[in-house]
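Residue numbers (my numbering), protein chains in the order written: chain D, 1 to 257; chain P, 258 to 551.
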């Protein structure tokens, strides 16, 4: 039997695994499914068509599956395994496509994740991070305090978004991103090392960033990009970077036209 | 404890002074100590090994003593120690310390923390500190007496804010802020990095300095920070001139920041117990970590 505080409200149709704990004054809505090993602490709210994967920890005052603003119908929100949803976090439920959060993410205090956002695995989102509706965050992304990602915007894997930065257009992977609007400041080599990238790969990426972004500018050097895309024996990570940059440019052109 | 019969959950093992008030929907954990006259308004959550002194006020939605947001925290019984007469706005969060970072998060006396502030693991707030709305303190930060940090500022790990200094609104702080300094960006589009922009006038008044001390302090701040080049040499010159009192303390502070890493003195305590933490126990001592209640 789940361990539910007598002061908590868990709707009858909610599906809770056997060892789930629900603290006092928390509310679990009727369409919620909670996998084994989850802890819902006190004063937390889980509503909407929400699924919490195994080992998810929801801290006090957090709201998971909140309906997006307006009179939208109850949306869908899918969380993977072993996520930590810290105090005062709000995760909105997607009404078109579901809000998806992968595994092993740490979502720190007072962050907000918009409706329909797609978040990968092993992300760390510092306090007061804002992720816009429909944004796509790939794996191993780190975001610092007060950083924000605009609606329908993507951030590539292994990137670092500095504090107060605002990502308004698709950002490349492996990058250090800083400023408002965001600029590419170099390779996130520290995170890459921690994630087990080899020295050769990091070196290749550093060279590619220097060529693509003209040192510290956010303008993409299109000539360098074309030349690298045509290069047969390009480092696979650099190939991924060039592909992501090309896709971002294409998307930008499409919205400008 | 408050005599109103309200819906709340207080662990029987918690030590709560008889005249402390615990409002509705509050949750108080078993290892918590709450001193006399402290008021917990609605849905305040206090867990962990947390001791709270007398006459504090916690507004709605505060969460204190939860586990740190730090991956090095191993689940030990680390502490959050809060002094007397502090005011906490709504949705303020403060976390317990980490084992390797000094074991304790400490908030002193007479502080004001406005809505949405966050005090992370192993921070030290001295006395009479004012934090504006949604000020984020990362881990291992020291904020000295009388410092003012305005709304929406974010502080990097291991930063020290000096006595009676001011950090302007919406300022990212990556290095130590010297005492009595006014630290901010010139504008809000960050065309330049934030830096010391002169003395903090209200801080100079609040510190109650003698006219001579104040004059010397203004002189030293101007000498050091009008143009920040060759700071080390200028500090040496000022010390050789024989500055005294607060001005000498300012030189000493800047010197220590320069000895640190990236202008952050407390980086030297990365992975060690900082000197302020020593009086709060070695955990192996077997002492009940709860402070005696007075």
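Glycine residues also receive a C-beta, built at the ideal position from the N, C-alpha and C atoms.
Buried versus exposed call for residue 255 of chain D [16 or more other C-beta atoms within 10 Å across all chains shown]: Exposed: under 16 other Cβ atoms inside 10 Å.
When you compare the CB of residue 174 of chain D with every CB in chain P, is at least one pair closer than 7 Å? no
On the CB-based measure, 16 or more other CB atoms within 10 Å of its CB, does residue 360 of chain P come out buried or exposed? Of the other Cβ atoms in all chains shown, 16 or more fall within 10 Å of the Cβ of residue 360 of chain P; this residue is therefore buried.
DSSP state of residue 14 of chain D mapped onto helix, strand, coil: Residue state, collapsed to three classes: coil.
Note the first and the last residue of the continuous beta strand (DSSP E) segment covering residue 458 of chain P. Note, residue 458 of chain P: premise wrong, no beta strand (DSSP E); alpha helix (DSSP H) at 458–463.
Can you tell me where the alpha helix (DSSP H) with residue 355 of chain P in it begins and where it stops? From DSSP, residue 355 of chain P is part of no alpha helix (DSSP H); its letter is neither H nor E.
Within chain P, partners of residue 87 of chain D - CB distance below 7 Å: 320, 323, 350
Burial state of residue 195 of chain D (16 or more Cβ within 10 Å): Classification of residue 195 of chain D: exposed, given that the 10 Å Cβ count is below 16.
Taking Cβ positions only, does residue 297 of chain P come closer than 7 Å to chain D? Not closer than 7 Å to any Cβ of chain D, the Cβ of residue 297 of chain P fails to qualify, so no.
Judging by CA-CA distance, which residue of P:434, P:399, P:425, P:414 is the nearest neighbour of residue 512 of chain P? P:434
To which residues does DSSP link residue 439 of chain P through a beta bridge? P:423
If you count every other CB in all the chains shown that lies within 10 Å of the CB of residue 372 of chain P, and 16 or more means buried, which is it? buried
Can you tell me where the alpha helix (DSSP H) with residue 505 of chain P in it begins and where it stops? 502–516
Could you tell me whether the Cβ of residue 414 of chain P comes closer than 7 Å to any Cβ of chain D? Not one beta carbon of chain D lies nearer than 7 Å to the beta carbon of residue 414 of chain P.
Closest Cβ-Cβ distance between residue 375 of chain P and chain D: below 7 Å? yes
Could you confirm whether any beta carbon from chain P is found closer than 7 Å to the beta carbon of residue 163 of chain D? yes
List, in order along the chain, the chain P residues whose C-beta lies closer than 9 Å to that of residue 202 of chain D? Below the 9 Å Cβ cutoff, chain P contributes no neighbours of residue 202 of chain D, its closest Cβ being approximately 22 Å away.
Which residue's Cα is closest to the Cα of residue 412 of chain P: P:502, P:396, P:463, P:517? P:396
Cβ closer than 7 Å: which chain D residues qualify as neighbours of residue 516 of chain P? Residues of chain D passing the Cβ test: none, with the nearest at roughly 23 Å.
When Cβ atoms are compared, which residues of the region 374–407 of chain P fall closer than 8 Å to chain D? 375, 391, 393, 395
Taking only the alpha-carbon atoms, compute the straight-line gap between residue 303 of chain P and residue 203 of chain D and give it to the nearest angstrom. 48 Å
If you draw a straight line from the C-alpha of residue 148 of chain D to the C-alpha of residue 274 of chain P, how long is it? When rounded, the distance between both Cα atoms is 43 Å.
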